[in-house]
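**Student:** The structure is given below, and queries will be raised subsequently.
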Amino acid sequence: MEVTVKRKKGLKGEVSVPGDKSITHRAFIFSLIARGETEVVNYSSAADCASTLRIVEQCGSSVVYRDEKTVRIKSDGIFSVKEPEDVLDAGNSGTTMRLMSGLFSGIEGKLFVLSGDNSLRKRPMKRITEPLKEMGAEIFARAGGNFAPIAIYGSKLHGIRFEMGVASAQVKSAVILATLSADGKSEIIEKGITRDHTEVMLKEFGGKIETHGRAVTVYPLEKPLKGRSVFVPNDFSSAAYFIAAALITEKSDILLKDVGVNRTRSYLVEKLKKSGADIALKNTRVLNGESVADISVRSSDVSFIEVSAEEVPLLIDELPLIAVIGAAKNGAKVTGAEELRFKETDRIKAVCENMKRLGVECREFPDGFEVLPPRSSGLKGGTLKGGVVSSFSDHRIAMSFAVLGLVSEEGIVINGAECVEISFPEFFELLERFSYE
Ligand code: S3P
C-alpha cells in the first residue's frame, strides 16, 4: 500500500489513540497466567497483540466475550497451561516471542515452538535464551540459540541474579515471567531503566515484585493469580506521532485524551519541553497502577534535540520521530542507540536512507544519527520538498515519515504503509480526523 501525506497546517481537535500495545500484550499474557476470567478494557487493535492473544488461546484459554473495546478471556491458570498442538506464530512481534518464551520455559513437561515472520526470525534471541538457560530452561534456537524458531521444553527453573547486558524491557520481562514458576526469587539489574509495565501489572494481579532503582526482585507465585479487570490506557507511543505532528505544523492546537504517561514511557514530553515545545499534561490520574493524562500540544519552535545513551531506553520507540522533528525544525542527534539496529528493521539505516531520499542531510553513526535541519541541508528556502520513502516494512518508520509529509512542499509518498497495522491500524484515519486550516 502506498500512502501520500500532503502539507497541512492548523491541526485542531481532540483525538483518542487506541489502547497501549505493551500493556495489552501483558494483559493477554496475565490472562493466561491467572485463573478465572480476565477482562481487558480498551485493548490495542494492533496486529502484534492479536498474535499474543492467538497464542494464549492455543495454550488453552478461551475468549468468552469480545467487542471493539473489551475482551474477556477465561483460563485455568499458569499451572494448567495446555501444550499447544502446533507451532505458535508470533508474527512480527518481538514482545510476544520474548515474553512468551520466558513464561513457557517454566511450564513443566510441555513443548512450545515459537516462530514468526521474516523480520522476527532475524532478530536477536540470545538475549533471552542465555538468561533462561541459566535458570535451567531447555530452550533451543537457530544459530546457537540466537534466531527463531525457538523450541522450549518446559522444566523446573531456579531464580538467578541477572545483570543485563542490554537495556530491554522484553528481556527483563522474560526473566520476570520465568521466575513466576521457579523455585526461588530472581534479582535483575537493569542496564538502564526500561518500561515497567510487567512489574506494575504483576503487582496489580497480586504477585510479589520489588524495584529499587535499577534492581528488580521478583518472587515465584505462592498461590495462583486470580483473573481481574484491566483497563488499558491509550498508547503513548502512538500519541507521539500526533504530538510531533502538532509541534511541527503551523497554528496547531490539539488534545490527546487518556494517554498512558507512565514515567518509563512518556520521557519524550519532558525532552521536547526542554527544547521549547508547548506541551502540557492535564487531568493526570492513576488507573490500575498506570498514570494516565490528557496531553495538549501546540505548534512550537523546537530547538536542536540531542539524545544521549542514558536517555535512549526511555525514548526507544520514539527515536525515528525525533529524527523527523529534527528534519522539520532545528536538527537532532542521537547516539548510544545501537539497539535501533535490532528493531523490526535497522531503524538507523531506515531513517538515514529515507532522509537522503528527501534531500535532508543525515549522518549515520554505528550507534545513531544526526539529522540536519532543511536550512543547513541546502534545501531551497529551508523547506522540505518531499519525495518517495520506504517503510522498510516497519510501522514506526512508516508513521514517522507520514508525519514529516505534513510539512513537505509536495507531499511524501510512503511505500509499504500497510505495516502501520502492526501497532496502530487506525493511524491514517485518525490523522484525517483532526480539522485542518
Ligand atoms: C517493548 C519493549 C521495547 C520496545 C518494543 C515494546 C515491550 O523493546 O521497543 O516496541 O513491550 O516490552 P526492547 O525491550 O527490546 O527495547
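To convert, count from 1 in the sequence shown and add 1415; that's the numbering used here. Even glycine gets a Cβ: it sits at the ideal position worked out from N, Cα and C.
Mind checking which residues open and close the alpha helix (DSSP H) that includes VAL1615?
**Tutor:** First-last of the alpha helix (DSSP H) with VAL1615: 1612 to 1619.
**Student:** Determine the burial state of TYR1480: buried for a count of at least 16 other Cβ atoms within 10 Å of its Cβ, exposed for fewer.
**Tutor:** TYR1480 is exposed by the Cβ-count criterion.
**Student:** Once you ignore the five residues that flank GLY1509 on each side, which residues in its own chain have a CB closer than 7 Å to its CB?
**Tutor:** Only LEU1535, ARG1538, GLN1585 meet the Cβ criterion.
**Student:** Check whether the stretch 1717 to 1734 touches the stretch 1500 to 1515, counting contact only when three or more Cβ pairs, one atom from each stretch, lie closer than 8 Å.
**Tutor:** Cβ pair count under 8 Å is below three, so no.
**Student:** Enumerate in chain order the residues of its own chain whose CB-to-CB distance from ALA1461 is below 8 Å, with the five nearest sequence positions on each side excluded.
**Tutor:** These residues qualify, in order along the chain: PRO1433, LYS1436, THR1439, GLU1836, ILE1837, SER1838, PHE1839, PRO1840.
**Student:** So which of LYS1641, VAL1676, GLY1820 has the shortest CA-CA distance to ILE1444?
**Tutor:** The shortest C-alpha separation from ILE1444 is found at LYS1641.
**Student:** Work out the CA separation of LYS1758 and GLY1746 for me, nearest whole Å.
**Tutor:** About 23 Å.
**Student:** Within a Cβ cutoff of 8 Å, which residues of the same chain sit near VAL1486, ignoring the five residues on either side of it in sequence?
**Tutor:** The residues are GLU1454, VAL1455, TYR1458, LEU1468, VAL1478, TYR1480.
**Student:** Quick one: give me the first and last residue of the beta strand (DSSP E) that PHE1657 is part of.
**Tutor:** No beta strand (DSSP E) holds PHE1657; the alpha helix (DSSP H) holding it covers 1651 to 1663.
**Student:** Evaluate ASP1716 with the Cβ neighbour count: other Cβ atoms within 10 Å of its Cβ, from every protein chain shown; 16 or more gives buried, anything less gives exposed.
**Tutor:** When all chains shown are included, ASP1716 counts as exposed.
**Student:** Thinking C-alpha only, which one of LYS1587, VAL1420, ASP1611, ASP1463 is nearest ASP1532?
**Tutor:** Nearest C-alpha to ASP1532: ASP1463.
**Student:** Would you identify the three-state DSSP class for LEU1787, choosing helix, strand or coil?
**Tutor:** Here LEU1787 sits in coil by DSSP.
**Student:** Enumerated in chain order, which unbroken segments of the beta strand (DSSP E) with a length of 3 residues or greater are wholly contained in the stretch 1417 to 1478?
**Tutor:** Here the runs fully enclosed are 1417 to 1420, 1427 to 1430, 1450 to 1456.
**Student:** Would LEU1799 and LEU1773 be called neighbours here (beta carbons separated by less than 8 Å)?
**Tutor:** It is a contact, given that the beta carbons lie within the stated cut-off.
**Student:** If you draw a straight line from the alpha carbon of ASP1732 to that of ARG1811, how long is it in whole angstroms?
**Tutor:** Using only the alpha carbons, I get a separation of about 8 Å.
**Student:** If the criterion is Cβ atoms closer than 8 Å, does the pair ASP1668 and LYS1424 meet it?
**Tutor:** Contact: no.
**Student:** Could you round the C-beta distance between ALA1661 and ARG1713 to whole angstroms and report it? I think they count as a contact, below 8 Å.
**Tutor:** With a Cβ gap of about 7 Å, ALA1661 and ARG1713 count as contacting.
**Student:** Mind checking whether the beta-carbon of ASP1782 lies closer than 7 Å to any heavy atom of the ligand S3P?
**Tutor:** No, the Cβ of ASP1782 stays beyond 7 Å of every heavy atom of the ligand S3P.
**Student:** Start and end of the alpha helix (DSSP H) containing HIS1810?
**Tutor:** Run containing HIS1810: 1810 to 1820, per the alpha helix (DSSP H) assignment.
**Student:** Go to THR1699, then tell me how far its beta strand (DSSP E) extends in each direction, as first and last residue.
**Tutor:** Element bounds for THR1699: 1693 to 1702.
**Student:** Just grab the DSSP bridge partners of GLY1802 for me.
**Tutor:** ILE1827.
**Student:** Tell me PHE1780's beta-bridge partners as DSSP assigns them.
**Tutor:** Answer is GLY1783.
**Student:** Which same chain residues, not among the five before or five after LYS1525, have their C-beta less than 6 Å away from its C-beta?
**Tutor:** If we look at LYS1525 and ignore the five residues flanking it on each side, its Cβ neighbours are GLU1498, GLY1569.
**Student:** Could you please give the first and the last residue of the uninterrupted beta strand (DSSP E) stretch that includes PHE1562?
**Tutor:** First-last of the beta strand (DSSP E) with PHE1562: 1562 to 1568.
**Student:** What runs of the alpha helix (DSSP H), each 4 residues or longer, lie entirely inside the stretch 1524 to 1562?
**Tutor:** The qualifying runs are 1541 to 1549, 1557 to 1560.
**Student:** Taking the alpha carbon of GLU1852 as the point to measure from, which residue in ALA1552, LYS1666, TYR1656 has its own alpha carbon closest?
**Tutor:** Ranking ALA1552, LYS1666, TYR1656 by Cα distance to GLU1852 puts LYS1666 first.
**Student:** Take GLY1741 as the anchor and find which of ILE1565, LYS1764, GLU1776, ALA1465 has the nearest alpha-carbon.
**Tutor:** Answer by Cα proximity: GLU1776.
**Student:** So GLY1607 and ALA1582 are supposed to be a Cβ contact under 8 Å. How far apart are they, rounded?
**Tutor:** That pair is a contact at about 4 Å.
**Student:** At a cut of 8 Å, does the stretch 1623 to 1633 reach the stretch 1644 to 1653 through at least three beta carbon pairs?
**Tutor:** Counting Cβ pairs under 8 Å, fewer than three are found: no touch.
**Student:** Applying the criterion that 16 or more other CB atoms from any shown protein chain within 10 Å of the CB defines a buried residue, is VAL1701 buried or exposed?
**Tutor:** By the 10 Å Cβ count, VAL1701 comes out exposed.
**Student:** Quick test of your reading: GLY1574 and SER1601, contact by CB under 8 Å. State the CB separation rounded to the nearest angstrom.
**Tutor:** 4 Å between Cβ atoms; contact.
**Student:** Cutting at 7 Å between CB atoms, please list the residues of its own chain near VAL1786, excluding the five before and the five after it.
**Tutor:** Excluding sequence neighbours, VAL1786 sits near ALA1738, GLY1741, ALA1742, GLY1746, ALA1747, MET1770, VAL1775, CYS1777.
**Student:** Would you give the residue range spanned by the beta strand (DSSP E) that GLU1721 belongs to?
**Tutor:** From DSSP, the beta strand (DSSP E) with GLU1721 extends over 1720 to 1722.
**Student:** Per the DSSP calculation, ARG1576 is bridged to which residue(s)?
**Tutor:** Partner(s): GLU1602.
**Student:** With DSSP run on the structure shown, which of helix, strand or coil describes ARG1756?
**Tutor:** Reduced to three states, the DSSP call for ARG1756 is helix.
**Student:** May I ask whether a heavy atom of the ligand FMN can be found less than 7 Å away from the beta carbon of THR1664?
**Tutor:** Because the ligand FMN does not appear in the structure shown, any question about it cannot be addressed here, the ligands present being the ligand S3P.
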